[in-house]
Structures are given as C-alpha cells and as structure tokens.
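Student:
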DNA sequence: CGAGCGCTTGACCGGCGTCAACACCCGTGG
DNA sequence: CCACGGGTGTTGACGCCGGTCAAGCGCTCG
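Residue numbers (our numbering), protein chains in the order written: chain A, 18 to 233; chain B, 18 to 233.
1) Who does residue 71 of chain A pair with in a DSSP beta bridge?
2) By DSSP, does residue 218 of chain A sit in helix, in strand, or in coil?
3) Using DSSP with H/G/I as helix, E/B as strand and the rest coil, what is residue 66 of chain B?
4) Using a beta-carbon distance below 9 angstroms, is residue 158 of chain A in contact with chain B?
5) Apart from the five residues just before and just after residue 190 of chain A, which ones in its own chain have a Cβ nearer than 6 angstroms to its Cβ?
6) What is the DSSP secondary structure of residue 175 of chain A, reduced to helix, strand or coil?
7) Give the residues from the region 113-147 of chain A that approach chain B closer than 9 angstroms (Cβ to any Cβ), ordered along the chain.
8) For residue 102 of chain A, tell me which candidate among A/93, A/83, A/122 and A/111 has the shortest Cα-Cα distance.
9) Assign residue 182 of chain A to one of three DSSP states: helix, strand, or coil.
10) For a quick check, are the C-beta atoms of residue 142 of chain A and residue 96 of chain B less than 9 angstroms apart?
11) Using a Cβ-Cβ distance under 9 angstroms, would residue 77 of chain A count as near chain B?
12) Please list, in chain order, the residues of the region 215-233 of chain B that have any C-beta partner in chain A closer than 9 angstroms.
13) Round the Cβ separation of residue 114 of chain B and residue 71 of chain B to the nearest angstrom and send it over; I've been treating them as touching at under 8 angstroms.
14) List, in order along the chain, the chain B residues whose C-beta lies closer than 7 angstroms to that of residue 154 of chain A?
15) Leaving out five residues on either side along the sequence, give the residues of the same chain with a beta carbon under 7 angstroms from the beta carbon of residue 208 of chain A.
16) Give, in chain order, every residue of the region 88-106 of chain A whose Cβ lies closer than 8 angstroms to some Cβ of chain B.
17) If we define contact as Cβ-Cβ less than 9 angstroms, is residue 210 of chain A a contact residue for chain B?
18) Determine the chain A residues that contact residue 150 of chain B at a beta-carbon separation under 8 angstroms, and present them in chain order.
19) Give a yes or no on whether the C-beta atoms belonging to residue 84 of chain B and residue 74 of chain B are separated by under 9 angstroms.
20) Quick one: what does DSSP say residue 138 of chain B is sitting in, helix, strand or coil?
21) Based on Cα-Cα distance, which residue from B/107, B/67 and B/112 lies nearest to residue 91 of chain B?
22) Would you report the Cα separation of residue 222 of chain A and residue 181 of chain A, rounded to the nearest angstrom?
23) What three-state label does DSSP hand residue 25 of chain B in the structure shown?
24) With a threshold of 9 angstroms between beta-carbons, can residue 177 of chain A be considered close to chain B, or not?
25) Whole-angstrom Cβ separation of residue 212 of chain B and residue 231 of chain B, contact assumed at under 8 angstroms?
26) Using DSSP bridges, identify the partner residues of residue 118 of chain B.
27) Whole angstroms are fine: how far does the CA of residue 69 of chain A sit from the CA of residue 58 of chain A?
28) I need the boundaries of the alpha helix (DSSP H) containing residue 232 of chain A, first residue and last residue.
29) Ends of the alpha helix (DSSP H) at residue 199 of chain A?
30) Restricting to Cα atoms, I'd like to know which of B/174, B/108 and B/139 is closest to residue 100 of chain A.
31) In three-state DSSP terms, what is residue 212 of chain B?
32) For residue 81 of chain A and residue 120 of chain B, what's the separation of their Cα atoms in angstroms?
33) Could you check if residue 62 of chain A is buried or exposed, using at least 16 other CB atoms within 10 Å of its CB as the buried criterion?
34) Taking DSSP as the reference, what is the three-state secondary structure of residue 18 of chain B?
35) Can you give the Cα-Cα distance for residue 165 of chain B and residue 86 of chain B, rounded to whole angstroms?
36) Within the 9 angstroms Cβ cut-off, does residue 187 of chain B reach chain A?
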C-alpha cells in the first residue's frame, strides 16, 4: 500500500518533458518518441519521488514498527512491483511529498523496448540495493551516539550541506533501533558538544557546526 | 572483489543444461538457443551460488567489519556489476562454496535479447532487495536473545527444516551487531531452555527443538 | 602429547531502556 | 487576548542488558 497523496494538479504526460528533476528520475533518458508510449492508467504503478521524504516501513516479528529506509527526491518507490506485482513494504511520507506515478504496464513495455530506460532501471535497482546495505552498515551499527551522528550526516540537504533534517523522535528511534529518549539525549549531547545547532524550535532542522566531530 | 574459489572442474556450458539447481538459478529459463550465446570469458561477471554460504561484507565508518547479508544456494552474487561494472561489497565464503560465473558481456547481451532472462533478472534484483530489507528488520532488531533466535530461524536448512546452521561466533556477532561473548551466552541459554540442541561439537549445527520458543 | 585456536563462562561496569516529571509549542475556545 | 489542554521533546533517577576483560575448557592438528 502506498498512501501517498498525489499532487493532482500535476498530471498528464506533457510536464514530464520539463520536469525539474528529470536528470535524477527514471525517465531521464526518454526521448520524444518514448513519451508517446505513455498513457494514463490507474493500475499498480512505480513512483518517482519528486519532493519530500518517505519512510519505508515493515512490521517486525514482535509487532513493532521498523523503518528500513528513508527515500529522498530522485529515489524510486515500489520498484519491486515490477517483478512481483506486489509491494514489499509500506511507504509513508515523513513530510509533505510529491511523486510521479508510472503505470506498471507502461514500464514493462518500455523496459523491453527502450534500451535507455532498461539501463536506467538497472541503475535504480542497484541504487536501491546499495542504499539498503548502506543503511544497515552506517545507521544500525555502533553506539547510540554514532547512530545519531551518522543519521545527521546522511540526512544533509543536498542543496545546503550545512543543514540536516531530523524527524519525530520515535521515527528516528525506529530507524536507528534505539529508544526515543535516547535519541533526544544524544541530540542534546551533540548540541552541547558543538557538533549541531538547532535551526527551529520543533527539533527538525539542525545546522552542522562540526562535521569532523560527527564522523567519529 | 569476489575471492571465491571457483570449482575449476566445473566449466564450459554443457553442464548448465543439467544443473541440479537450474530451477533456482538465473539461467533457469534459458532454452537451447540461448545457451548458444554463452561463451567463456574472463572479465567481470555475475555469480550464482550453487553450494555453500557466502557473507557480504562491508567496512563500517570506524573500520570494523559489518556483515550485511548471507547468501545461500540460488542467490546471485555481484548483480550490481551489471549496472555499474563495479562490486559494492566483498563476498567471502563462510564454508566451502561453489558458484557459476556468468560473464558480464553475456548477461548484458542476453538481458536485452532474451525476455525470459530479462524477467528472471528483475526477480533476482527484487529478491536481493527484499533479502536486504528482511535482514535489517528481522536480524538487527530487539534484544540479543531475539536476534540470535531470528538468525537460527533464518538459517534453517531448506531440506531439513529441523536443522539450522551457525557460524563462527565473531561472524555471527558482525551479522547481529552484538559481541561474540553475547552470541555464545544467548546460544547457551537457548540450549538450556530447550529451544535448540547441538548436533556437533563445533557449535555449527543445531537442531530446533522448540520452534515456538524461538519465534518470540 | 602439547600448542594454539575458538567457544564458553564468570565478574564487573557502563550505556541504554524504563518510568516519570517537566517544559515547550500550538490549536482551540472562552 | 488569554486560559486551557494535548501532543511532542527534554531531562532525571534507577535498573538491567550487554560490553569488557579475563580465565578456563575442549577441540584439532602438528
């Protein structure tokens, strides 16, 4: 299930040609002829995240919520539906998000007929797998301090590398497998040590004031 | 780098047709004509694991070893080379292992020309990604006891579901992100509680005597 | 038979979970 | 405009799980 609110003002195919992040997305290599193949459909689809952040959630054996990854603009949601026509995990927006929907049938057709998209698809699979492994190796390893610091580095804004985005403390806990109180404590400690500085009063945006301190 | 010793007695293409695990592997859907396309090459390749177990390892930020996944017969090694012509992590056999090597150029050619292989490839990507997410959600969550129990369940022998395989204690620690002494303690506790029974004296094979106890 | 390696077990201690109180932000309604 | 209440983030006290260090045991192999 992908309960993302789709920006309904943005539909049809014409905008794809002028998409602001077209160089990051699945359709980056499509030419005018390929665009002709795209038709609106309502079935299962694959999504490209345009804006915002989305958490991939699955239930653990003991019923708690486990966040396996966070997707950011340019990432693909629901790629697995291409292979199995089912989604493996739940995708929930962490902030207001916008996605492009690509109908499954269209993608199947293009993947067989467009070598460019075929290659792009491979890259997206590879990126998703690498992200998953990175997430495990970087964020779920070591002390609580190391995990929070690693998350701060991973969630840097691509446009403003000095700024990083955090989330609700219990979401951060589900990402790092630590309790929300510990998350809060470690953030406070990093602020005290001069590694971070809060940008707002909700604890969502921080300035990275000492990058070296975060890296160890 | 994939330092797997390849069973040199097994080479050429003729054996593929009679491979005992052909229904599990990448080439399961190739027909006689497709086999004609395969030639021996020496370049980068993708591997299908025939026998044994392989750990996927990457270095963490602080230099320690982190095992991101364990591959078992039928799994594919080095799929990422298809997209980037590089390997993302190191693959090291945990026990004596046998692999099929599939040259990259061959796979690229077939992936474009053989719809059957193309579909099979998608499934392998999807399986790898699901395995990665499962590994994170099942094995790196909860108490040390829960992690060891989850590993025992995941490492059951497909042919003998009552038997499970363990590894060197420090490898298990690198999989579960706990120390080897804790691994040892928890295994002992599970044996004491009647959930497991050792099959050998090296601590590698155990009989599952109480499955329900392991599941919670 | 002895050396060496890996597994186990024990004692101790620190980090993190638990429970609880408190502070702060924000929306609601008087 | 302020009073109130709920939700979320922070901070404190305390106890336990798991990390650390060390000793002991049982294999395996020379």
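Ideal Cβ positions, reconstructed from N, Cα and C, are used throughout, including at glycine.
All values derive from a computational prediction rather than experimental measurement.
Tutor: In brief:
1) In the first chain, residue 71 of chain A corresponds to position 54, counting from 1. Note: residue 71 of chain A sits in a beta bridge opposite A/88 and A/110.
2) The sequence position of residue 218 of chain A within the first chain is 201, counting from 1. It is coil, neither helix nor strand.
3) Numbered from its first residue, the second chain carries residue 66 of chain B at position 49. Note: residue 66 of chain B maps to strand in three-state DSSP.
4) Looking up residue 158 of chain A in the first chain gives position 141. By this cut-off, residue 158 of chain A is an interface position.
5) Counting from 1 along the first chain, the entry for residue 190 of chain A is found at position 173. Cβ neighbours of residue 190 of chain A beyond the five flanking positions: 196, 197 and 200.
6) Taking the first residue of the first chain as 1, we reach residue 175 of chain A at position 158. Residue state, collapsed to three classes: coil.
7) 128, 129, 132, 135, 136, 138, 139, 140, 141, 142, 143, 144, 145, 146 and 147
8) Sequence index remark: in the first chain, residue 102 of chain A carries index 85 (1-based). Residue A/122 is the option with its Cα nearest to residue 102 of chain A.
9) In the first chain, counting from the first residue as 1, residue 182 of chain A sits at position 165. Three-state DSSP puts residue 182 of chain A in a strand.
10) The residue given as residue 142 of chain A occupies position 125 in the first chain. The residue given as residue 96 of chain B occupies position 79 in the second chain. A contact, by the Cβ cut-off of 9 angstroms.
11) Walking along the first chain from the start, residue 77 of chain A turns up at place 60. Taking Cβ atoms only, chain B reaches closer than 9 angstroms to residue 77 of chain A, which makes this a yes.
12) 232 and 233
13) One-based indexing of the second chain puts residue 114 of chain B at position 97. One-based indexing of the second chain puts residue 71 of chain B at position 54. That belief holds up - the Cβ atoms of residue 114 of chain B and residue 71 of chain B are roughly 6 angstroms apart, short of 8 angstroms.
14) The residue labelled residue 154 of chain A in the question sits at position 137 within the first chain. Those within 7 angstroms of residue 154 of chain A in chain B are 75, 77, 83 and 85.
15) The residue you call residue 208 of chain A lines up with position 191 of the first chain. If we look at residue 208 of chain A and ignore the five residues flanking it on each side, its Cβ neighbours are 214 and 215.
16) 96, 97, 99, 100, 101, 105 and 106
17) Along the first chain, one-based indexing puts residue 210 of chain A at 193. Residue 210 of chain A does not count as touching chain B.
18) Residue mapping note: residue 150 of chain B aligns to position 133 of the second chain, counting from 1. Simply 73, 75, 85, 86, 105, 106 and 149.
19) Position 67 of the second chain, counted from the first residue, corresponds to residue 84 of chain B. Position 57 of the second chain, counted from the first residue, corresponds to residue 74 of chain B. For residue 84 of chain B and residue 74 of chain B, yes; Cβs fall inside 9 angstroms.
20) Translated into the one-based positions of the second chain, residue 138 of chain B becomes position 121. Of the three classes helix, strand and coil, the one that applies to residue 138 of chain B here is helix, per DSSP.
21) By one-based count along the second chain, residue 91 of chain B stands at place 74. The shortest Cα separation from residue 91 of chain B among B/107, B/67 and B/112 belongs to B/67.
22) As a first step, residue 222 of chain A is located in the first chain; it is residue number 205 there, counting from the start. As a first step, residue 181 of chain A is located in the first chain; it is residue number 164 there, counting from the start. So the two alpha carbons sit approximately 6 angstroms from each other.
23) Locating residue 25 of chain B in the second chain gives position 8, counting from the first residue. Low confidence applies to residue 25 of chain B: its pLDDT is 37, below 50, so where it sits in the model is not reliable, and the reading given next is rough at best. Here residue 25 of chain B sits in coil by DSSP.
24) As a position in the first chain, residue 177 of chain A is number 160, starting the count at 1. Closer than 9 angstroms: no.
25) Taking the second chain and counting its residues from 1, the one referred to as residue 212 of chain B is at position 195. Taking the second chain and counting its residues from 1, the one referred to as residue 231 of chain B is at position 214. About 5 angstroms separates the two Cβ atoms, so the contact holds.
26) Reading the second chain from its first residue, position 101 is the one you call residue 118 of chain B. B/64, per the DSSP bridge assignment.
27) Taking the first residue of the first chain as position 1, residue 58 of chain A is located at position 41. Taking the first residue of the first chain as position 1, residue 69 of chain A is located at position 52. Caution is warranted here: a pLDDT of 41 is assigned to residue 58 of chain A, below 50, making its placement in the model unreliable, and the coordinate value is therefore given only provisionally. Their backbone Cα atoms lie some 24 angstroms apart in a straight line.
28) The sequence position of residue 232 of chain A within the first chain is 215, counting from 1. Premise fails: residue 232 of chain A is in no alpha helix (DSSP H) and is neither H nor E.
29) The residue given as residue 199 of chain A occupies position 182 in the first chain. Per DSSP, residue 199 of chain A belongs to the alpha helix (DSSP H) from 197-209.
30) Position 83 of the first chain, counted from the start, is the residue given in the question as residue 100 of chain A. Here the closest residue by C-alpha is B/139.
31) For the purposes of this step, residue 212 of chain B is identified with residue 195 of the second chain, where counting begins at 1. Looking at residue 212 of chain B - three-state DSSP - the assignment turns out to be coil, as it is neither helix nor strand.
32) One-based indexing of the first chain puts residue 81 of chain A at position 64. One-based indexing of the second chain puts residue 120 of chain B at position 103. The alpha-carbon atoms of residue 81 of chain A and residue 120 of chain B are separated by roughly 43 angstroms.
33) Residue numbering aside, residue 62 of chain A sits at position 45 when the first chain is read from its first letter. When all chains shown are included, residue 62 of chain A counts as buried.
34) Against the second chain, residue 18 of chain B aligns to sequence position 1. Low confidence applies here, because residue 18 of chain B scores a pLDDT of 37, under 50, leaving its location unreliable; read the following figure in that light. Coil.
35) Residue numbering aside, residue 165 of chain B sits at position 148 when the second chain is read from its first letter. Residue numbering aside, residue 86 of chain B sits at position 69 when the second chain is read from its first letter. Those two C-alpha atoms are separated by around 15 angstroms.
36) The residue labelled residue 187 of chain B in the question sits at position 170 within the second chain. Not an interface residue.
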